[in-house]
Amino acid sequence: MKIGIIGAGNIGRVLALRWVEHGHEVLIGNSRGPDSLADVARETGAKPAELADVVRGAAVIVVTIPEKKVLDLPAGLFDDVPETTVVIDTGNYYPRERDGRIDGIESGMMESAWVAQQIGRPVIKVFNNIYADHLRNLGKPEGTPGRIALPVSGDSADAKAAVMQLVNEVGFDAVDNGDIDDSWRHQPGTPVYTKDFDTEGLKAGLRKAERARTPQWTASDKSPGSFDQPA
Numbered sequence: 594m595k596i597g598i599i600g601a602g603n604i605g606r607v608l609a610l611r612w613v614e615h616g617h618e619v620l621i622g623n624s625r626g627p628d629s630l631a632d633v634a635r636e637t638g639a640k641p642a643e644l645a646d647v648v649r650g651a652a653v654i655v656v657t658i659p660e661k662k663v664l665d666l667p668a669g670l671f672d673d674v675p676e677t678t679v680v681i682d683t684g685n686y687y688p689r690e691r692d693g694r695i696d697g698i699e700s701g702m703m704e705s706a707w708v709a710q711q712i713g714r715p716v717i718k719v720f721n722n723i724y725a726d727h728l729r730n731l732g733k734p735e736g737t738p739g740r741i742a743l744p745v746s747g748d749s750a751d752a753k754a755a756v757m758q759l760v761n762e763v764g765f766d767a768v769d770n771g772d773i774d775d776s777w778r779h780q781p782g783t784p785v786y787t788k789d790f791d792t793e794g795l796k797a798g799l800r801k802a803e804r805a806r807t808p809q810w811t812a813s814d815k816s817p818g819s820f821d822q823p824a
C-alpha cells in the first residue's frame with residue numbers, strides 16, 4: 594500500500610517507521626522540502642518527497658502537523674485526491690501553547706471536522722491521544738493481554754476499517770469511537786487523552802468524556818504562549 598505522510602515530526606516518524614517495517618511504500622514530506630528529510634529517511638526507510646508527490650496516488654494520506662499549520666498547506670493540495678483515498682488526521686488543538694485562537698474550533702466545531710473543512714476531504718481521527726514515545730515503544734503483537742487501544746473516529750465505515758488495520762500494524766488495538774462529530778471524546782482534556790488504556794479501559798474512558806471544552810483547552814486573550822509557558 595502507498596501511504597503518504599504530511600509532517601515529519603515525532604508522530605509522523607514513528608508511523609513511517611512501523612509501516613515501512615510492514616512492507617508499505619511510505620512517502621513523507623514537510624513544508625521545507627525533501628532535502629530537509631535525509632535523517633528521517635535514514636531513520637524510517639520512508640522516501641522524502643514534495644507534498645504534491647506525497648499525496649499523488651496514495652491509498653492513505655496522514656496529516657500530522659500542528660493544527661495552525663493546516664492553513665499553510667499548499668492551495669489545492671487535495672484537489673486531485675480521489676474520494677476513495679483515506680485521510681488520517683492525528684492533530685490536536687493547543688490554543689494556549691502553540692496554535693492560538695482558531696475561531697471555528699472555539700465556536701464548537703470538532704478539531705478534526707475543522708481540519709476536514711480546510712483540506713476539503715473527510716478525515717479519520719486517530720493517533721492523537723498517545724505520546725509519540727509510547728507510540729514508538731509500547732506497541733505489542735496482536736492478541737497480547739493488556740495491549741494498548743487507540744480510538745478511531747470517522748464517518749466512513751470502510752475508511753475506519755482500513756485505518757484500524759494500520760493501527761494494528763503499529764502495535765495497538767483499535768476501538769471504533771463513532772463519527773467524526775464524536776471525536777471530541779478523545780480530544781485533549783478528556784479521560785483518554787495521553788492515557789494508555791486497554792480496550793475495555795478505553796471504552797470506559799470514552800463514555801466518561803464530557804463535551805464542554807475546559808478553560809485549559811480554550812484560547813485566552815494572550816494565546817498563544819508556549820508549552821513551557823501557556824498563555
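So for the sequence shown, my numbering puts the first residue at 594; every next one is plus one. Glycine included, each C-beta is placed from N, C-alpha and C at the ideal position.
The straight-line gap separating the alpha-carbon atoms of Ala651 and Leu670 is approximately 13 Å.
Assignment of Lys595 by DSSP, reduced to helix, strand and coil, places it in the strand class. Residues Gly597, Ile654, Leu670, Phe671, Val674 of the same chain have their beta carbon placed closer than 7 Å to that of Val648, with the five preceding and five following residues left out of the count. In this structure, the alpha-carbon of Pro784 lies about 7 Å from that of Leu799. Put simply, of Glu676, Pro715, Asp774, Glu660 the residue whose alpha carbon is nearest the alpha carbon of Ile695 is Glu660.
Assigned with DSSP and collapsed to three states, Ser746 falls in strand. According to the DSSP assignment, Glu636 belongs to the alpha helix (DSSP H) that extends over 631-637. Rounded to the nearest angstrom, the gap between the Cα atoms of Gly622 and Pro738 is 36 Å. Bridge pairing for Lys640: Leu620 [DSSP]. For Ala709, same chain residues with a beta-carbon under 6 Å away, outside a window of 5 residues either side, are Pro715, Val716 in chain order. Lys815 carries a coil assignment under DSSP once its states are collapsed to helix, strand and coil. Looking at the DSSP output, Ala767 shares a beta bridge with Leu743. When DSSP states are grouped into helix, strand and coil, Asp628 belongs to the helix group.
The three-state secondary structure of Asp682, taken from DSSP, is strand.
Setting aside the 5 residues that flank it on each side, Asp789 is surrounded in the same chain by Ile723, His727, Leu731, Ile741, each with a C-beta closer than 8 Å to its C-beta; the list follows chain order. Leaving aside the five residues that flank Thr787 on each side, the residues in its chain whose CB is nearer than 8 Å to its CB run, in chain order, Asn722, Ile723, Tyr724. Residue state for Val760 is assigned as helix, using DSSP reduced to three classes. Annotated three-state conformation of Val647 is helix, per DSSP. Val708 is not bridged by DSSP to any residue. For Ile604, the CB contacts under 8 Å within the same chain, skipping 5 residues up- and downstream, are Thr657, Thr683, Phe720, Ala725, Leu728 in chain order.
Lys733 sits in coil when the DSSP states are folded into three classes, being neither helix nor strand.
Annotated three-state conformation of Val613 is helix, per DSSP. In this structure the stretch 749-764 does not touch the stretch 699-707; the number of beta carbon pairs closer than 8 Å is below three.
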